[in-house]
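Peer 1:
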Amino acid sequence: MAGKPKLHYTRGRGKMESIRWLLAAAGVEFEEQFIETNEDLEKLRSDGWLLFQQVPMVEIDGMKLVQTRAILSYIAAKYNLYGKDLKERALIDMYVEGTTDLMGMIMTLPFQPAENKEKQRALIIERITTRYFPAYEKILKDHGQNFLVGNQFSWADVHLLEAILMAEEFKSDVLSTFPLLQAFKTRISNIPTIKKFLQPGSQRKAPFDDNMLMQIRKIFNI
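Counting from 1, one number per residue, gives the positions in the sequence shown under UniProt numbering.
1) Between residue 9 and the rest of its own chain, which residues show a CB-CB distance below 8 Å, the 5 nearest in sequence each way excluded?
2) Taking only the alpha-carbon atoms, compute the straight-line gap between residue 151 and residue 145 and give it to the nearest angstrom.
3) Would you report the Cα separation of residue 68 and residue 213, rounded to the nearest angstrom?
4) Which term fits residue 206, buried or exposed, when burial requires 16 or more other beta carbons within 10 angstroms of its beta carbon?
5) In whole angstroms, what is the alpha-carbon distance linking residue 136 and residue 48?
6) Verify whether the separation of the beta carbon atoms of residue 27 and residue 193 is less than 7 Å.
7) Where in the stretch 11-45 do unbroken runs of the beta strand (DSSP E), each at least 3 residues long, occur, reported from the N-terminal end onward?
8) Check whether the stretch 164-171 touches the stretch 83-94, taking contact to mean three or more Cβ pairs, one atom from each stretch, closer than 8 Å.
9) Residue ranges of each alpha helix (DSSP H) run of no fewer than 4 residues wholly in the UniProt domain "GST C-terminal" (85-208), ordered along the chain?
10) Starting from residue 9, follow its DSSP beta bridges and name the residues at the other end.
11) Since residue 213 is in the alpha helix (DSSP H), which residue starts that stretch and which ends it?
12) DSSP on residue 51, reduced to helix/strand/coil?
13) Among residues of its own chain, excluding the 5 on either side of residue 19, which ones have a beta-carbon nearer than 8 Å to its beta-carbon?
14) Residues in the same chain with beta-carbon distance under 6 Å from residue 158, minus the five sequence neighbours each way, listed in chain order, please.
Structure, rendered in structure tokens:
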């Protein structure tokens, strides 16, 4: 029997967080080997475990997978969260790319120079409320189904919920003009595997604080 997937990353969210989300949504238990120092990262590199010298890296099914998108695609396909045909997979990819773009903007904000943060924060809120969330609201309205693709739970739903919760940390009333997304959030949050991941004490990571930000800067020499 194959062991649990092992995730190699820092204790922060970063690019690994969506992988944690997807494994949790699939009901898959996983282990984490935390990178605490630059020396930890350099050891992974010197051992030849990081094909492109970068993390995240996930040990799964006898492979050491790198590149976030490749890892997520493999997990989604393995656990039947990637649609039933090529058309559904294309839609899932399209919707995931949108939420990836949005979450990328949010994740990089703490690393912005202090003088740029307010301007960038305003831009993120503008993009959430006029570009990204209107698109997902329209998708749900147009097909009238409970899930984004094929009326079945998929990677796209997991990724959108993660993005919604990140956006609410950013601006608590961000869903106030999006009733279908409000209902979607409630519905997906109550899927048993998701509900478990949202409980205190799970492997879901907290937003960056100053200490975590300082540690990440040291690990990656930022």
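Virtual Cβ for every residue (Gly too), placed ideally from N, Cα, C. Note that this is a predicted model, so its numbers are computed, not measured.
Peer 2: Let me lay it out:
1) Residue mapping note: residue 9 aligns to position 9 of the sequence shown, counting from 1. Closer than 8 Å at Cβ, skipping near neighbours: 15, 16, 32, 34, 35, 55, 56 and 57.
2) Against the sequence shown, residue 151 aligns to sequence position 151. Against the sequence shown, residue 145 aligns to sequence position 145. So the alpha carbons of these two residues sit roughly 6 Å apart.
3) To locate residue 68, count along the sequence shown from 1; it is residue 68. To locate residue 213, count along the sequence shown from 1; it is residue 213. Approximately 21 Å, taken between the alpha carbons.
4) Position 206 of the sequence shown holds residue 206. Answer is exposed; the Cβ neighbour count stays below 16.
5) Start at 1 with the first residue of the sequence shown, and residue 136 comes out as number 136. Start at 1 with the first residue of the sequence shown, and residue 48 comes out as number 48. Near 41 Å, if we compare the C-alpha coordinates of residue 48 and residue 136.
6) Looking up residue 27 in the sequence shown gives position 27. Looking up residue 193 in the sequence shown gives position 193. Result yes, Cβ atoms of residue 27 and residue 193 sit closer than 7 Å.
7) 31-34
8) no
9) 86-108, 114-127, 133-143, 155-170, 179-189 and 192-197
10) Locating residue 9 in the sequence shown gives position 9, counting from the first residue. Its beta-bridge partners are 34.
11) Stepping through the sequence shown from its first residue, residue 213 is reached at position 213. Looking at the DSSP string, the run of the alpha helix (DSSP H) that includes residue 213 is 210-220.
12) For the purposes of this step, residue 51 is taken as residue 51 along the sequence shown, with counting starting at 1. Coil.
13) As a working mapping, residue 19 is identified with position 19 in the sequence shown. Excluding positions up to five away in sequence, the list reads 7, 56, 58, 68, 71, 72 and 75.
14) Within the sequence shown, the letter at position 158 stands for residue 158. If we look at residue 158 and ignore the five residues flanking it on each side, its Cβ neighbours are 21, 22 and 25.
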